[in-house]
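Following: one structure in structure tokens, then a few remarks.
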Amino acid sequence: MSILRSLKTSFSKAAWVAYNTYRKGLRYGQELAATEARLSGSRDVITQFQWERLSRLLKHAYQTTVYYRELLHSADIKLTDMQCPFDFSYVPALEKSMIRERSADLLSQVYPKRRLMKNATGGSSGTPLVFYQDRAYWNQRNLSSYYFDRWAGWDFGGRQLIVWGALVDVDRAMPWKQQLNSFWRNHRWLNGFNLTEDLMIRAFKEMQRWRPQTILAYPSSLYLFAKCLEDNRLTPNWELNGIISSAEMLHPHYREVAERVFKAKIRNRYGGREAGIIAMECKAGRMHINCHDLHVEIDSHDPYSQPGEILITQLNNYAMPLIRYRIGDIGSLSDEVCPCGNQLPILGNLLGRTTATFRTRSGELIHGGYFTRQFYGIDTVRQFQLIQDSYDVCRLKLVVNDEFRQDTLEGIIQKIQARLGENTDVRVEFLHEIPRPKSGKIAFTISNVGNENNPPHSVTVLASNN
Ligand SMILES: [Zn+2]
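Just so we're aligned: 1272 in this note's numbering is position 88 of the sequence shown, and the numbers increase by one with no gaps anywhere.
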């Protein structure tokens, strides 16, 4: 069995070389080495590289897109004014609404339509957002993801279990094509959309034989999987190199359970479909920014102490430049020198989606993290979601086990009311599972109050036993 496994790994490694050569040409090996050198280089190397790329991109955007030409003219900015990254911060930010309204004007006029590759965010709470990229963008994006995934113990040809469930991803490939891809890449899948206990146990038994080296997962699905194994007293008989958690906020409680059950460290990966990997957690637990693909800014008067909205500039998307794009997350920067030795800048405090910020009638803003914290350590709750529908009404969706107690529920409601007002009506819905939105990402907290990106929608009545 182990001989077959290593033969398969060697085959997959060779297939990766063939794939990369086909996609990126014979020079891909050199390009990969250059990317790695850059991402593990000194701060000076990184800063200089970023400034070079930023200047080139802005010039390209100004010269070949209607949108940026108009924008720079109306903001009275000349390309010659751009002398350093500080000057760059005068370029007005790009809002999601602009991508919706002026998609055609954002496309570079020198790109033939046939070279454009359509991509979209699922929009966990709003409407999907469509944007375009090209192959060169994807090639660059893959290079940095190879680099960062290695931090979690991944390597070309290594066996990887993927616990995922984005319909957007699954829909795109034909099933046979996806199967073929998984075969040569050495991936196996556990569908995060359909995690019944039966399926998880079956997948686990398969893993005991197949012995994946890494797991790539949605944290919420990973947690369900780990919890199911723990409840059924199933222990992995193989050793994982590491786990990559991606696409949703990694709840500390999820991390704790998954690391305990799988006896491996989780590396949190923060990214977006618009941008690729934005930051990746290192062995010292810091989130390093992917400076190969992105320039990251914080919209705040002091990005090091005051969290603000994250603005990203995609350095390699020349087909549809996204410059100072407000991605919809809140975070800050850290000026700490990381003990891991890597000199990429650090994202200090990633607070998550702006749509998760609750508002009270008196105008107070409460970050969704306050509510998720109330669930830490409550083992009887499998999943939860808190939705603020109006100033006075919240829905709390819960998936619990048989040992869940009434006083636990009362404690949680009290904590919610402590911040939103003691008269807030918290409507509890007990469910078998929290339905995944089309994007596949389950948000722990959603506010439909006063959020421009997330207009109020009607309240759906769901089965409840309370
Ligand atoms: Zn580090």
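Every residue gets a Cβ at the ideal spot worked out from N, C-alpha and C, and that includes glycine.
Annotated as proximal: residue 1475 and residue 1234, with beta-carbon spacing under 9 Å.
Runs of the beta strand (DSSP E) lying entirely within the region 1404-1489, each at least 3 residues long, are 1426-1430, 1450-1456, 1460-1465, 1471-1473 and 1478-1483 in chain order.
In this structure, the beta-carbon distance from residue 1401 to residue 1426 does not fall below 9 Å. Inside the region 1249-1317, DSSP marks whole alpha helix (DSSP H) runs of 4 or more residues at positions 1250-1258, 1269-1272, 1280-1285 and 1287-1290, from first to last along the chain.
DSSP links residue 1345 through a beta bridge to 1372 and 1399. Within the DSSP bridge table, the entry for residue 1515 names 1492 as partners.
Look at the beta carbons and you see the region 1493-1513 not touching the region 1547-1561: under three pairs across the two are nearer than 8 Å. Three or more beta-carbon pairs separated by less than 8 Å link the region 1404-1411 to the region 1359-1379, which places the two stretches in contact. With contact defined as three or more Cβ pairs closer than 8 Å, the region 1219-1239 and the region 1511-1529 are in contact.
For residue 1476, the shortest separation between its Cβ and any heavy atom of ligand 1 does not lie below 8 Å. The beta carbon of residue 1417 lies closer than 6 Å to none in the same chain, with the five residues before and after it left out.
Around ligand 1, the residues selected by a Cβ distance under 5 Å to any of its heavy atoms are 1466, 1468, 1470, 1522, 1524 and 1526, following chain order. Leaving aside the five residues that flank residue 1348 on each side, the residues in its chain whose CB is nearer than 6 Å to its CB run, in chain order, 1376.
When the beta-carbon positions are compared, residue 1434 and residue 1482 stay at least 9 Å from each other. DSSP lists 1278 and 1496 as the bridge partner or partners of residue 1509. In the three-state reduction of the DSSP assignment, residue 1628 falls in the coil class, being assigned neither a helical nor a strand state. Listed in chain order, the non-local C-beta contacts of residue 1443 below 7 Å within the same chain comprise 1449 and 1450, local neighbours out to five positions each way being set aside. Per the DSSP secondary-structure output, residue 1609 pairs in a beta bridge with 1577. Taking 9 Å as the cut-off, the Cβ atoms of residue 1341 and residue 1239 do not count as close. Exclusion of the five residues before and after residue 1555 leaves 1570, 1600 and 1629 as the residues of its chain whose Cβ lies within less than 7 Å of its Cβ.
Contact between the region 1320-1335 and the region 1454-1465 is present: three or more C-beta pairs spanning the two stretches fall below 8 Å.
Setting aside the 5 residues that flank it on each side, residue 1470 is surrounded in the same chain by 1522 and 1530, each with a C-beta closer than 6 Å to its C-beta; the list follows chain order. Residue 1263 and residue 1242 do touch by the CB rule: their CB atoms are close to 7 Å apart, below 8 Å. Spanning the alpha carbons of residue 1256 and residue 1346 requires a straight line of approximately 43 Å. For residue 1204 and residue 1501, the gap between their C-alpha atoms comes out near 19 Å. The shortest CA-to-CA distance from residue 1277 to any of 1617, 1574 and 1509 is the one to 1509.
If you look at residue 1566, you'll find it in the beta strand (DSSP E) that goes 1565-1572.
For residue 1584, DSSP records a beta bridge to 1565.
Residue pairing by DSSP places residue 1550 opposite 1542 in a beta bridge.
Residue 1399 sits close to residue 1428, with the two beta carbons spaced by under 9 Å.
Under the three-pair Cβ rule at 8 Å, the region 1361-1368 does not count as touching the region 1244-1258. Taking 8 Å as the upper bound for CB-CB distance, residue 1573 and residue 1632 are in contact here, some 5 Å apart.
In this model, residue 1420 and residue 1211 are separated by some 40 Å (Cα to Cα). In the DSSP assignment, residue 1201 falls within the alpha helix (DSSP H) that extends over 1186-1208. For the pair residue 1188 and residue 1370, the Cα-to-Cα distance works out to about 13 Å.
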